[in-house]
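Residue numbers (this note's numbering): 87 to 755.
For each residue, glycine too, the CB sits at the ideal point set by N, CA and C.
Reading through the structure tokens given below for one structure.
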Amino acid sequence: MILPIARRGASGRTTRSSRFPVRTIGLFLAALTGLTTAAEAHETQEISSPDGRIVVSVALQDGDLLPRYSIRQDGHEIMRPSAAGFPLAGSPQGWSEASANLTKGRDRYDLPAAKVRSVDEAYNQLELAAGRDGAGNRVKLYVRVYDTGVAIRGIVEAESGNLAQSLQEVTEFMLPREAECHGSNLGRFHTAHEAEFDPVRPDQIRQLNLFDAPFVCAAPDGTGAFAIAEADVHDYPLMMLGGVRTGDSGLAVMLADPPGGLPKPVRGNRMETPWRVVMIADNRGKLIENTLITSLNRPAEGDFAWVKPGKYAWDWWNGQTVRSVENPGMNMATIKAFIDFAGANGFEYMMIDDGWYLNSGAGGRVLPGADNLTPIAAIEIPELVAYARQQNVDLILWVHSDMIRTNMEQALALYASWGIKGIKVDFMDRDDAEMVEFYNRIAEATARHRILLNMHGAYHPTGLIRTYPNYITQEGVLGAEYNRWSVRINARHNVSLAYTRMLTGPMDYTPGAFRNVPDSEFRMTSKGPMVRFTRGQTLAMYVVYDSPLQSVADSPEAYADKPSGLDFIRLVPTAWDETRFLAGEIDEYVVIARRKGRDWYVGAMTDGKQRTLTIPLTFLDKGRYASTIWQDGSDMTSVDTKTGTADRQQSLQLELAPSGGAVAVLRAQ
87 MILPIARRGA
97 SGRTTRSSRF
107 PVRTIGLFLA
117 ALTGLTTAAE
127 AHETQEISSP
137 DGRIVVSVAL
147 QDGDLLPRYS
157 IRQDGHEIMR
167 PSAAGFPLAG
177 SPQGWSEASA
187 NLTKGRDRYD
197 LPAAKVRSVD
207 EAYNQLELAA
217 GRDGAGNRVK
227 LYVRVYDTGV
237 AIRGIVEAES
247 GNLAQSLQEV
257 TEFMLPREAE
267 CHGSNLGRFH
277 TAHEAEFDPV
287 RPDQIRQLNL
297 FDAPFVCAAP
307 DGTGAFAIAE
317 ADVHDYPLMM
327 LGGVRTGDSG
337 LAVMLADPPG
347 GLPKPVRGNR
357 METPWRVVMI
367 ADNRGKLIEN
377 TLITSLNRPA
387 EGDFAWVKPG
397 KYAWDWWNGQ
407 TVRSVENPGM
417 NMATIKAFID
427 FAGANGFEYM
437 MIDDGWYLNS
447 GAGGRVLPGA
457 DNLTPIAAIE
467 IPELVAYARQ
477 QNVDLILWVH
487 SDMIRTNMEQ
497 ALALYASWGI
507 KGIKVDFMDR
517 DDAEMVEFYN
527 RIAEATARHR
537 ILLNMHGAYH
547 PTGLIRTYPN
557 YITQEGVLGA
567 EYNRWSVRIN
577 ARHNVSLAYT
587 RMLTGPMDYT
597 PGAFRNVPDS
607 EFRMTSKGPM
617 VRFTRGQTLA
627 MYVVYDSPLQ
637 SVADSPEAYA
647 DKPSGLDFIR
657 LVPTAWDETR
667 FLAGEIDEYV
677 VIARRKGRDW
687 YVGAMTDGKQ
697 RTLTIPLTFL
707 DKGRYASTIW
717 QDGSDMTSVD
727 TKTGTADRQQ
737 SLQLELAPSG
747 GAVAVLRAQ
């Protein structure tokens with residue numbers, strides 16, 4: 087087998103090679119023989135994606151404490167030279183004598199409930215192993231290049247005994263200086279990760295900033311797009327992004343200590359960073375299709391065929407407003423009314439939120455005497471489970487994270503014995519390694535008990551849904567709840583989420599608001615909340631937003647009073663076989679198509695501007711499709727519906743009102 091070497095032409099662009107393109111003869115021989123070879127000082131190693139479009143260069147220079155990587159796509163700069171991994175302190179040669187080994191691999195797996203059903207991604211991988219540092223530790227760097235991006239991981243291993251506590255990752259992302267970026271500047275660790283994604287110029291990034299992942303950019307002059315994120319996080323703090331110390335238009339990985347505590351001690355003789363991920367596409371919209379975050383996680387073990395996606399009725403967002411109940415609240419009559427609503431509309435679940443167990447109901451606070459094993463006197467969980475099952479509805483229970491951390495196995499065994507099918511764990515609000523391990527522990531434990539997991543007050547997704555497909559959705563988004571107490575939610579923000587937060591994984595925005603009003607009529611209230619976007623945009627969220635468990639958040643009476651569009655919510659799936667970005671611009675509008683079986687569902691959302699969109703249907707297979715369109719009607723709460731037929735030679739025309747939206751269903755004939 088002959089493995090071609092990538093050669094640099096006069097233009098500076100690396101030519102495409104079929105497999106294992108590297109710049110040095112040493113690496114060429116390593117790939118042929120399976121042996122490692124020592125790189126020469128001042129040498130740059132190059133590795134490309136299987137399709138040859140993405141090239142990563144890794145500079146190993148005499149005396150350097152860290153290797154420096156850079157990324158190009160089609161010859162255009164995606165990332166300037168950036169440090170990565172653990173410093174090789176105390177070694178006079180630095181990384182210049184590192185050995186290099188090149189391998190290839192492929193990720194093939196299915197996801198029971200996600201934005202795609204199957205994933206098949208090939209990659210090329212470069213392993214660099216440096217000599218030992220002054221403390222005797224062996225330091226390595228892995229660079230993995232897919233057709234859809236780059237992942238980098240640092241590893242340090244002690245020769246004997248435990249690693250020194252002083253080890254600290256130094257990974258940078260030096261942005262193209264003219265990139266157009268969007269970031270969510272949380273400003274501090276240990277939050278619920280609920281903030282807007284605002285435009286950011288690279289030269290405006292400061293060291294004191296603390297951005298969430300993903301950090302999304304368009305490369306200069308329309309030459310591509312990328313998003314910085316992370317994957318496969320275990321026994322390690324969550325990644326946040328601050329400005330590099332030099333102030334040179336770059337980001338550096340920042341890690342949290344526990345609130346009010348010391349850093350978590352390093353355990354054992356090995357430590358590895360999560361995968362530091364740069365998702366890459368031709369434009370920001372195509373990043374929506376990217377599956378790198380899940381591909382870089384560990385495979386699922388065991389049977390997850392029991393994981394059932396679906397929609398849930400919910401008592402909390404609407405303030406438990408039920409006209410048919412004399413005294414609505416946390417009581418049997420109110421919960422049964424929501425179960426009735428779910429059953430009548432074919433929704434799979436009903437979520438019982440905060441207040442069902444003793445001394446709960448205080449939101450983020452845990453009251454003295456709180457007991458997540460004992461329902462309040464007004465609630466009988468087994469009776470509600472039996473009542474719901476008569477209507478083909480399963481129940482999901484809310485629980486505070488501080489409670490279930492203390493009695494996880496006991497609580498999950500009890501909930502499973504009651505027949506509970508899911509839990510919503512809330513108010514983690516932390517980013518340290520101890521909290522990361524809580525996510526991993528509860529995902530594993532709920533999987534064993536065959537219980538779905540929805541995390542709220544959560545940090546950004548890291549791909550754990552691949553390892554534990556029952557971890558079906560999560561918050562970590564400035565979502566619909568903010569309509570109850572703020573004016574932060576608007577159509578522009580709703581559109582931007584598709585290009586930003588949603589890139590890292592499922593997003594429980596909690597759609598379903600049916601009290602759609604113009605700005606002039608909006609008021610903040612927890613009883614029957616209002617939203618400042620149209621009914622068409624509410625419907626579009628069920629296609630645009632990725633969440634295999636989707637809320638139907640409003641009260642039964644809101645849907646009964648003005649039901650326009652409820653028929654679409656009843657029929658739309660929540661998990662998909664395929665996802666396509668069709669059109670849009672960040673902060674302006676978005677059009678996404680998702681396939682279930684042979685049928686396609688299209689969702690479109692716009693900012694405050696009215697738009698007429700013409701969408702080619704070239705993504706369809708050959709043959710005729712029956713089409714139904716729901717789009718903005720004469721006022722904020724109405725939609726117009728029209729039916730017809732379509733094929734792949736035609737286009738779909740959608741009329742979107744300001745702050746509006748539209749959906750279409752195309753059923754194969």
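Checking the DSSP bridge columns, you'll see M691 partnered with V676, G747. In the structure shown, the three-state DSSP call for R570 is helix.
Taking a cut-off of 8 Å for Cβ pairs, the segment 331-341 and the segment 553-568 do not touch, as fewer than three such pairs fall below it.
DSSP places S204 within a strand segment (E or B) once states are collapsed to three.
Under the DSSP assignment, K190 falls in the beta strand (DSSP E) whose first and last residues are 185-196.
Here the alpha carbon of R274 sits roughly 28 Å from the alpha carbon of S612.
C-alpha of P285 to C-alpha of S503: approximately 49 Å in a straight line. The beta strand (DSSP E) runs lying completely inside the segment 349-413 and spanning 3 residues or more are 356-358, 361-367, 396-400, given in chain order.
Spatial neighbours of E523 in its own chain (CB-CB distance under 7 Å, excluding positions within 5 residues in sequence) are listed in chain order as D321. Per DSSP, A502 is one residue of the alpha helix (DSSP H) stretching across 494-504. Taking the CA atoms as reference points, V364 sits about 32 Å from D707.
Across the set Q717, S713, V749, the C-alpha of S713 shows the shortest separation from the C-alpha of Q736. When rounded, the separation of the alpha-carbon atoms in Q636 and V319 is 25 Å. For A367, the CB contacts under 6 Å within the same chain, skipping 5 residues up- and downstream, are A311, L373 in chain order. The segment 583-596 and the segment 649-658 do not touch, with fewer than three beta-carbon pairs separated by less than 8 Å.
In terms of CA proximity to R409, A644 leads the group D594, A299, L498, A644.
Annotated as distal: V725 and R570, with beta-carbon spacing of 8 Å or more.
Judged by pairs of C-beta atoms under 8 Å, the segment 670-684 does not touch the segment 238-257, as fewer than three such pairs exist.
Contact between A317 and P300 does not hold, since their C-beta atoms are separated by about 11 Å, which reaches or exceeds 8 Å. According to DSSP, residue pairing for W716 in a beta bridge involves T727, V749. For D457, there is no enclosing alpha helix (DSSP H); the residue is found in the beta strand (DSSP E) stretching over 457-461. Approximately 16 Å separates the beta-carbon atoms of I509 and I551; this is outside 8 Å, ruling out the contact.
About 7 Å separates the CB atoms of N376 and G235; that is less than 8 Å, so the two are in contact. Counting only the Cα atoms, D137 lies some 29 Å from A338. With a threshold of 16 other beta carbon atoms within 10 Å, R680 meets it and is buried. No Cβ-Cβ contact shorter than 8 Å links R516 with H279. Residue state for K682 is assigned as strand, using DSSP reduced to three classes. Residue pairing for K422: DSSP places it in no beta bridge. Bounds of the beta strand (DSSP E) holding V339 are 336-341. Following the DSSP letters along the chain, one finds G329 inside the beta strand (DSSP E) bounded by residues 325-329. Looking at Y232, D307, N187, A170, the one whose alpha-carbon comes closest to that of A215 is N187. Here DSSP, grouped into helix, strand and coil, assigns M616 to coil.
Leaving aside the five residues that flank W484 on each side, the residues in its chain whose CB is nearer than 6 Å to its CB run, in chain order, D439, D440, K510. Per DSSP, reduced to three states, the secondary structure at S182 is coil, with no helix or strand assignment. Three or more beta-carbon pairs separated by less than 8 Å link the segment 490-503 to the segment 523-535, which places the two stretches in contact.
The segment 682-702 makes contact with the segment 614-634; the number of CB pairs closer than 8 Å reaches 3 or more.
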